[in-house]
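In terms of my numbering, the numbers along the sequence shown are unbroken and rise by one, the last being 454.
Where is the CB? At the ideal position from N, CA and C, for every residue including glycine.
Here the structure is a predicted model, which means the values were calculated and not measured.
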Amino acid sequence: MIQQADIGVGISGREGLQAARAADYSIGKFRFLKRLILVHGRDSYNRTAFLSQYSFYKSLLLCFIQIFFSFISGVSGTSLFNSISLMAYNVFYTSIPVLVSVLDKDLSEETVMQHPQILFYCQAGRLLNPSTFAGWFGRSLFHAVVFVISINAYAYEKSEMEEVSMVALSGCIWLQAFVVTLETNSFTILQHIAIWGNLAAFYIINWILSALPSSGCIPSCFGCVHNHLIGQLCFSWWQLGWVQFWLSSTSDIHTDRVKSIYFSRPNVWVGLFCLSQALNHNQDL
């Protein structure tokens with residue numbers, strides 16, 4: 170075994186299995202080393218780079234939204250999302266799609282084996298370095314700003330805290346689904362189920378929570394109507410029929426691919442804001 174290597178690879182042979190047992194990876198023949206490094210090693214690097222940086226991104230997005238909302242609420246310490254929403258966001262809604270994305274492959278095995286120079290891109294650390302991490306950091310900050318603008322455009326004088334929370338959380342879930350979709354190179358049936366099934370599960374779970382009896386231990390959220398006959402959490406399906414709800418959610422989703430257009434054309438934001446304000450004014454009337 171090479172002592173200077175970062176990862177030890179042992180080959181089982183006539184000398185016994187001592188090296189293979191002490192190594193990080195064990196192979197039966199020396200010719201398998203090429204596939205181990207080029208295919209499995211490269212895929213492991215690409216997937217680790219995306220998984221680690223995306224995990225920071227999705228958490229920073231929620232943190233930035235909370236920070237901006239604290240200034241809007243007068244630094245009162247009020248959280249836009251309740252504890253159940255925060256827990257479900259990190260544990261369930263955004264974890265399953267990205268965990269399934271570890272099956273993603275940007276290039277076929279035949280292409281990588283025929284062009285081993287592709288590995289140099291990974292050896293140079295092009296996908297995981299301070300610059301790429303700063304890019305994901307800026308991405309989360311920009312998306313948080315978009316969410317705050319969208320929420321401010323959506324909210325009207327009589328809107329409740331739970332209703333605004335529903336809009337923000339729904340937009341976050343849709344945005345994360347589209348981010349994972351855009352960052353995925355090859356799709357499988359399992360990935361489609363994890364991404365789009367997760368979106369459907371978001372609304373189904375909230376509908377189930379709406380049917381729970383009011384016990385006082387479940388905080389109100391997700392745009393609720395206080396009706397004690399069917400429980401404290403009555404999911405507002407009527408909210409999905411509002412034009413301004415989908416304007417807010419759509420503007421959040423579009424930021425991932427057309428953020429450069431929005432930066433260069435601020436009139437787009439002004440138009441969305443004015444249109445949402447006009448719709449809210451008509452509703453109040």
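Worksheet entry | Spatial distance of Ala363 from Asp175 (CA atoms) | Rounded to whole angstroms, Ala363 and Asp175 show a C-alpha spacing of 34 angstroms.
Practice prompt. Specify whether the region 240-255 and the region 201-212 touch according to this definition: at least 3 beta carbon pairs, one from each stretch, less than 8 angstroms apart.
Written response: No, because fewer than three Cβ pairs between the region 240-255 and the region 201-212 fall closer than 8 angstroms, the two stretches do not touch.
Worksheet entry | Opening and closing residue of the alpha helix (DSSP H) in which Ser213 lies | Here the alpha helix (DSSP H) through Ser213 covers 211-241.
Item to complete: Going by CA-CA distance only, name the one from Thr217, Ala192, Ser270, Arg211 that's closest to Ile358.
Response: Ranked by Cα distance from Ile358, the options Thr217, Ala192, Ser270, Arg211 are led by Ser270.
Worksheet item: Closest to Ala218 by CA distance: which of Ser309, Phe302, Leu229, Gly197 is it?
Response: Looking from the CA of Ala218, the closest CA among Ser309, Phe302, Leu229, Gly197 belongs to Phe302.
Worksheet item: Out of curiosity, what's the CA-to-CA distance linking Arg190 and Phe201?
Response: Taking the straight line from one Cα to the other gives about 17 angstroms.
Item to complete: Could you tell me the distance, in whole angstroms, from the CA atom of Arg308 to the CA atom of Phe199?
Response: Straight-line Cα distance between these residues: approximately 43 angstroms.
Item to complete: State the DSSP-derived secondary structure class of Ser195, mapped to helix, strand or coil.
Response: In this structure, Ser195 counts as strand in the three-state DSSP scheme.
Discussion item. Pop quiz: Asn259 and Ser228 are said to be a contact at Cβ under 8 angstroms. What is the actual Cβ separation, rounded to whole angstroms?
Written reply: That belief holds up - the Cβ atoms of Asn259 and Ser228 are roughly 7 angstroms apart, short of 8 angstroms.
Worksheet item: Considering only the beta carbon of each residue, do Asn234 and Ala313 sit closer than 8 angstroms?
Response: One detail in the question is off: residue 234 reads as Ile in this sequence, not Asn. In this structure, the beta-carbon distance from Ile234 to Ala313 falls below 8 angstroms.
Worksheet entry | Outcome for Trp305 when other beta-carbon atoms lying within 10 angstroms are tallied against a minimum of 16 | Classification for Trp305: buried.
Discussion item. For Val317 and Leu276, I'd like the C-alpha separation in whole angstroms.
Written reply: Approximately 38 angstroms between the Cα atoms of the pair.
Practice prompt. Determine the closest residue to Ala192 out of Glu352, Leu186, Gly177, with distance taken between C-alpha atoms.
Written response: Comparing Cα-Cα distances from Ala192 to each of Glu352, Leu186, Gly177, the minimum goes to Gly177.
Worksheet item: To which residues does DSSP link Ile180 through a beta bridge?
Response: Per DSSP, the beta-bridge partners of Ile180 are Ile196.
Worksheet item: Exposed or buried, which one is Ala369 when buried takes at least 16 other CB atoms within 10 Å?
Response: Using a 10 angstroms sphere on the CB of Ala369, the tally of other CB atoms stays under 16, which defines it as exposed.
Discussion item. Under DSSP, the alpha helix (DSSP H) around Tyr290 begins and ends at which residues?
Written reply: Tyr290: member of the alpha helix (DSSP H) spanning 288-292, first to last residue.
Worksheet item: Does the beta-carbon of Ile236 have 16 or more other beta-carbons within 10 angstroms, so that it is buried, or is it exposed?
Response: Ile236 comes out exposed.
Worksheet item: Which residue from Phe311, Gly366, Asp212, Ala346 puts its Cα closest to that of Gln292?
Response: The residue with the shortest Cα to Cα distance from Gln292 is Asp212.
Worksheet item: Sorted by chain position, which residues of the same chain lie with C-beta nearer than 6 angstroms to Phe238's C-beta, five sequence neighbours on each side aside?
Response: Only residues of its own chain outside the window of five on either side were considered, and among them Leu249 have a CB closer than 6 angstroms to the CB of Phe238, listed in chain order.
Worksheet item: Leaving out five residues before and five after Met170 in sequence, what residues of the same chain have Cβ atoms less than 8 angstroms from its Cβ?
Response: Confidence is the limiting factor: at Met170 the pLDDT is only 48, short of 50, which leaves the residue's position unreliable, though a coordinate-based value still follows. Counting only Cβ-Cβ distances below 8 angstroms, and skipping sequence neighbours, we find Gly177, Val178, Gly179, Ala188, Ala191, Ala192.
Fill in: Best match in Thr350, Leu310, Tyr372 for proximity to Val336 [C-alpha to C-alpha]
Here the closest residue by C-alpha is Tyr372.
Worksheet item: Terminal residues of the continuous alpha helix (DSSP H) containing Leu338?
Response: That run of the alpha helix (DSSP H) goes 330-352.
Worksheet item: Any idea what DSSP makes of Thr131, helix, strand or coil?
Response: This structure does not reach residue 131, given that the chain is present from 170 up to 454, and the question cannot be answered.
Worksheet item: Can you tell which of Ser195, Phe225, Thr280, Ile196 has the C-alpha that lies nearest to the C-alpha of Leu297?
Response: Ranking the options by Cα distance to Leu297, first place goes to Phe225.
Discussion item. Helix, strand or coil for His284? Go by DSSP, reduced to three states.
Written reply: When secondary structure is reduced to three states using DSSP, His284 falls in the coil class, being assigned neither helix nor strand.
Discussion item. I'd like to know whether the C-beta atoms of Leu230 and Val267 end up nearer to each other than 8 angstroms.
Written reply: Taking 8 angstroms as the Cβ cut-off, Leu230 and Val267 do not qualify as a contacting pair.
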